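The structure under discussion appears below in the form of structure tokens.
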Amino acid sequence: MWRRRTRPPTPAGRRWSAASAIRCASDCRASSSRGSGVAARSSSARGALRVSRPPRCVVAIDQGTTGSTVLVFDHSGRVIGRAYSEFTQHFPRPGWVEHDPEEIWRVTLRVLRQACRRARVQARDVAALGITNQRETTVLWDRGTGKPVHRAIVWQDRRTAPLCEALRARGAEAQVREKTGLVLDPYFSGTKLRWLLEHVPRAAARARRGELCFGNIDTWLVWRLTGGKVHATDATNASRTLLYDIHARAWDAPLCALLEVPEAVLPTVHPSSGEFGQTTADVLGAPVPIAGIAGDQQAALFGQGCVDAGMAKNTYGTGCFLLLNTGDRPVRSDHGLLTTIACDARGGPAYALEGSVFIAGAAIQWLRDGLGLLRKAAESERLARTVDSSLGVYLVPAFVGLGAPYWDPDARGALLGLTRGVSRAHVVRAALESLAFQTRDVVEAMAADAGEPLRTLRVDGGAAANGFLMQFQADLLGVPVERPRVLETTAMGAAFLAGLGTGFWRSQADLVRARRIDRRFRPRMRSETRDALYRGWQAAVDRVRSRTTSA
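Sequence positions in the sequence shown follow our numbering and run 1081 to 1631.
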């Protein structure tokens, strides 16, 4: 059995990531630290000394499901420049979702340059570049030409459900769960890669010869940013492939054999904080170190400052992703959650429990684009506040099946409880409430697995700006919900990792000062009311499920 290992694990306590990264910041690229120096440069006229300007910002790429965002952070954590652009979503068949990797690259490069122009920074001002990305989305490209051999298969894509069922029938679930902390579900990269190797002509043979490269979006962007010199990922992204042993922190030969994936296509795995490579000069005018990478949800956990075991955050984006820090202890879930790597910042392994909800903000997009009930997603809060309740209406947005804690790919969405008295506002309110109900599903499972209840939920993502939703979430959970001023905590997490990796930020105190709270929502609902509403939700979910067993 082979194993290609990453850096060997080192002992870690229950405090991770920020503190771990800080311990290693001095050896992560001390030569790129923020120290200002006086460089003696010849001046033809005067021979004067010119002051070398120290870097004054970190740039973070947040490559998401519907678009790419770039934020420029100064040393105080303030956003001094930003840019965003959407890209095309492709739906070639029901249940299939694809992206064009070349379009993602073009859009990302464009917004990277736009954000830097708006911040009025040049390459010499940038201490480091950090990347956070939609996880699981799978790209396969030609090592020689750099051209993708197929569109990227997106994390939402369900085409590999039959393969997952076949692997379960062979008894592979236990092996996968034990080594990866994941479940056999089309969500993850490994079965998507297997599909590409089977269905793209000659791909399997070319992969065995080492002619193809596999990666999630982070790996694809690093490849393009470095001009094809670096084929690498970080541990958080590797842990989402079904091919990576999260305990040994290495690609696993038996798992690769199970999915018929050749070793030659896999990227090298690095810690999340530290230099991955340098951009080519044409990206920003001069080379810039890429010094931090993490999958979007792990980056958000880091950006939210959830550095102690028991701290949790929920990101409300296209889907909902709730992560609970379990410190240096991987907790196996018996309630349909995932065990995953939280962040590896050269301080040893760190783990989290994760609940992934497939459809959250996408449900509001569906109301807008599919049903025409909204002109803009932002209207949802105003409409929801015009009624006192959803009038018994429940929307179960199982448009691509149900994620955690059910893991039911064949469940389908439903709008239940309709009467003649139901208005557009009631349906919109029910859609918003569905995000909170799905979050409570995950919180209940986490409390059961971790052995202790949640005390505070930190929130971020686009839908966290919706005050109605955040108050309803606090009411439904019975715990405070804490919203930061900067909702783009995925980008902030990537920036923190990159800044720590280069010494731009030197201490945890720097990061604490950079995080500011916007509002704390406290529960106001009576426990009898919240429990009755939740029982109604559970009954609605039971109506749409295709099977009754959870992962």
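Think of the CB as a built atom: it goes at the ideal place given N, C-alpha and C, for glycine as much as any other residue. All values derive from a computational prediction rather than experimental measurement.
- Task: Could you round the C-beta distance between Gly1357 and Lys1309 to whole angstroms and report it? I think they count as a contact, below 8 Å.
- Result: Along the sequence shown, one-based indexing puts residue 1357 at 277. Along the sequence shown, one-based indexing puts residue 1309 at 229. The Cβ separation is near 6 Å, so the contact holds.
- Query: So, helix, strand or coil for Asp1622, using DSSP?
  - Reply: Counting from one through the sequence shown, the residue named residue 1622 turns up at place 542. Three-state result, Asp1622: helix.
- Task: Could you give the DSSP three-state label for Asp1376: helix, strand or coil?
- Result: For the purposes of this step, residue 1376 is identified with residue 296 of the sequence shown, where counting begins at 1. Here Asp1376 sits in helix by DSSP.
- Task: Evaluate Ser1470 with the Cβ neighbour count: other Cβ atoms within 10 Å of its Cβ, from every protein chain shown; 16 or more gives buried, anything less gives exposed.
- Result: Along the sequence shown, one-based indexing puts residue 1470 at 390. With 16 or more other Cβ atoms within 10 Å, it is buried.
- Item | Euclidean distance between Cα positions of Glu1608 and Ala1619 | Here residue 1608 refers to the residue found at position 528 when the sequence shown is read from its first residue. Here residue 1619 refers to the residue found at position 539 when the sequence shown is read from its first residue. When rounded, the distance between both Cα atoms is 17 Å.
- Message: Taking the straight line between their C-alpha atoms, what separation do you get for Leu1404 and Val1522?
- Response: In the sequence shown, residue 1404 corresponds to position 324, counting from 1. In the sequence shown, residue 1522 corresponds to position 442, counting from 1. Cα to Cα, the separation comes out at about 10 Å.
- Task: Could you tell me if Leu1276 is buried or exposed, where buried requires 16 or more neighbouring beta carbons within 10 angstroms of its beta carbon?
- Result: As a first step, residue 1276 must be located in the sequence shown, where it is residue number 196. Burial call: buried.
- Query: Do you know how far the Cα of Thr1260 is from the Cα of Asn1317?
  - Reply: Position 237 of the sequence shown holds residue 1317. Position 180 of the sequence shown holds residue 1260. Taking the straight line from one Cα to the other gives about 12 Å.
- Kindly provide the ranges of any alpha helix (DSSP H) runs that are 4 or more residues long and lie completely inside the region 1338-1411, ordered along the chain. 1361-1364, 1376-1383
- Beta bridge counterpart(s) of Asn1633 as assigned by DSSP: Since the first and last residues shown for the chain are 1081 and 1631, residue 1633 lies out of range.
- Could you tell me if Ile1141 is buried or exposed, where buried requires 16 or more neighbouring beta carbons within 10 angstroms of its beta carbon? Residue mapping note: residue 1141 aligns to position 61 of the sequence shown, counting from 1. When all chains shown are included, Ile1141 counts as buried.
- Message: Considering only the alpha carbon of each residue, which of Phe1479, Gly1497, Ser1503 lies closest to Arg1465?
- Response: One-based indexing of the sequence shown puts residue 1465 at position 385. Answer by Cα proximity: Ser1503.
- Three-state secondary structure assigned by DSSP to Phe1268: Numbered from its first residue, the sequence shown carries residue 1268 at position 188. Phe1268: coil per DSSP, three-state reduction.
- Just to confirm, does Ala1525 get its C-beta within under 8 Å of one of the non-hydrogen atoms of the ligand PLP? The ligand PLP is not part of the structure shown, which contains no ligands of any sort.
- According to the Cβ coordinates, are Phe1438 and Gly1481 closer than 9 Å? Reading the sequence shown from its first residue, position 358 is the one you call residue 1438. Reading the sequence shown from its first residue, position 401 is the one you call residue 1481. The answer is yes: Cβ separation under 9 Å.
- Distance between Met1605 and Gly1093 (C-alpha atoms, nearest Å): Translated into the one-based positions of the sequence shown, residue 1093 becomes position 13. Translated into the one-based positions of the sequence shown, residue 1605 becomes position 525. Annotation note: pLDDT 36 at Gly1093 (below 50); position unreliable, coordinate value reported separately. Looking at the two C-alpha atoms, the distance is approximately 38 Å.
- Item | Segment limits, beta strand (DSSP E) that includes Ala1312 | Working through the sequence shown from its first residue, we reach residue 1312 at position 232. It spans 1312-1314 - the beta strand (DSSP E) in which Ala1312 sits, taken as one unbroken run.
- Query: Gln1202 to Asp1362, Cα distance in whole Å?
  - Reply: In the sequence shown, counting from the first residue as 1, residue 1202 sits at position 122. In the sequence shown, counting from the first residue as 1, residue 1362 sits at position 282. Cα-Cα distance, rounded: 12 Å.
- Message: Need the endpoints of the alpha helix (DSSP H) that Ile1444 sits in, please.
- Response: As a position in the sequence shown, residue 1444 is number 364, starting the count at 1. Counting along the chain, the alpha helix (DSSP H) containing Ile1444 begins and ends at 1441-1445.
- Item | Cα-Cα separation, Val1624 to Gly1497 | Residue numbering aside, residue 1624 sits at position 544 when the sequence shown is read from its first letter. Residue numbering aside, residue 1497 sits at position 417 when the sequence shown is read from its first letter. Roughly 13 Å separates the two Cα atoms.
- Looking at C-alpha atoms only, which residue of Cys1137, Glu1461, Ala1511, Pro1429 is the closest neighbour of His1350? Translated into the one-based positions of the sequence shown, residue 1350 becomes position 270. The candidate whose alpha carbon is nearest that of His1350 is Pro1429.
- Task: Classify Ser1148 as helix, strand or coil using the three-state DSSP reduction.
- Result: In the sequence shown, the residue the question calls residue 1148 occupies position 68. In this structure, Ser1148 counts as strand in the three-state DSSP scheme.
- Item | Rounded straight-line distance, which links the Cα of Ala1252 to that of Tyr1324 | Start at 1 with the first residue of the sequence shown, and residue 1324 comes out as number 244. Start at 1 with the first residue of the sequence shown, and residue 1252 comes out as number 172. If you take the alpha carbons of Tyr1324 and Ala1252, they lie about 15 Å apart.
- Task: Kindly identify the DSSP beta-bridge partner or partners of Cys1137.
- Result: The sequence position of residue 1137 within the sequence shown is 57, counting from 1. Answer by DSSP bridge pairing, in chain order: Val1206.
- Alpha carbon to alpha carbon, what distance is there between Val1152 and Asp1622? Counting from one through the sequence shown, the residue named residue 1622 turns up at place 542. Counting from one through the sequence shown, the residue named residue 1152 turns up at place 72. Rounded to the nearest angstrom, the two C-alpha atoms are 45 Å apart.
- Message: Suppose the cutoff is 8 Å on Cβ atoms and the five residues either side in sequence are ignored; what does the same chain contact list for Arg1455 look like?
- Response: The residue labelled residue 1455 in the question sits at position 375 within the sequence shown. So the qualifying residues of the chain are Arg1448.
- Item | Unbroken beta strand (DSSP E) run spanning Arg1162, endpoints | Mapped onto the sequence shown, residue 1162 falls at position 82. That run of the beta strand (DSSP E) goes 1159-1166.
- Task: Please check the pair Gly1435 and Leu1475, which I expect to be a contact at CB under 8 Å, by giving their CB distance rounded to whole angstroms.
- Result: Sequence index remark: in the sequence shown, residue 1435 carries index 355 (1-based). Sequence index remark: in the sequence shown, residue 1475 carries index 395 (1-based). The Cβ separation is near 19 Å, so there is no contact.
- Locate the alpha helix (DSSP H) running through Glu1513, then write down its first and last residues. As a first step, residue 1513 is located in the sequence shown; it is residue number 433 there, counting from the start. Where Glu1513 is concerned, the enclosing alpha helix (DSSP H) stretches over 1504-1530.
- Item | For Glu1562 and Phe1601, the rounded distance between their alpha carbons | Sequence index remark: in the sequence shown, residue 1601 carries index 521 (1-based). Sequence index remark: in the sequence shown, residue 1562 carries index 482 (1-based). When rounded, the distance between both Cα atoms is 6 Å.
- Task: Determine, using beta carbons only, whether Thr1168 and His1179 come nearer to each other than 9 Å.
- Result: Reading the sequence shown from its first residue, position 88 is the one you call residue 1168. Reading the sequence shown from its first residue, position 99 is the one you call residue 1179. Yes, the Cβ-Cβ distance between Thr1168 and His1179 is below 9 Å.
- Item | Straight-line gap, Tyr1614 to Phe1517 (C-alpha atoms, nearest Å) | Walking along the sequence shown from the start, residue 1614 turns up at place 534. Walking along the sequence shown from the start, residue 1517 turns up at place 437. Whole-angstrom Cα-Cα distance: 7 Å.
- Query: What whole-angstrom Cβ distance do Val1345 and Phe1294 have, given they're in contact under 8 Å?
  - Reply: In the sequence shown, the residue the question calls residue 1345 occupies position 265. In the sequence shown, the residue the question calls residue 1294 occupies position 214. About 4 Å separates the two Cβ atoms, so the contact holds.
- Run of the beta strand (DSSP E) containing Thr1420, from where it starts to where it stops: Position 340 of the sequence shown holds residue 1420. It spans 1418-1421 - the beta strand (DSSP E) in which Thr1420 sits, taken as one unbroken run.
- Query: Among Gly1226, Arg1248, Thr1217, which one has its Cα closest to the Cα of Trp1235?
  - Reply: Start at 1 with the first residue of the sequence shown, and residue 1235 comes out as number 155. The option with the nearest alpha carbon to Trp1235 is Thr1217.
- Message: Whether or not the region 1286-1301 and the region 1218-1228 are in contact is what I'm after, with contact meaning three or more pairs of Cβ atoms, one per stretch, closer than 8 Å; do they touch?
- Response: yes
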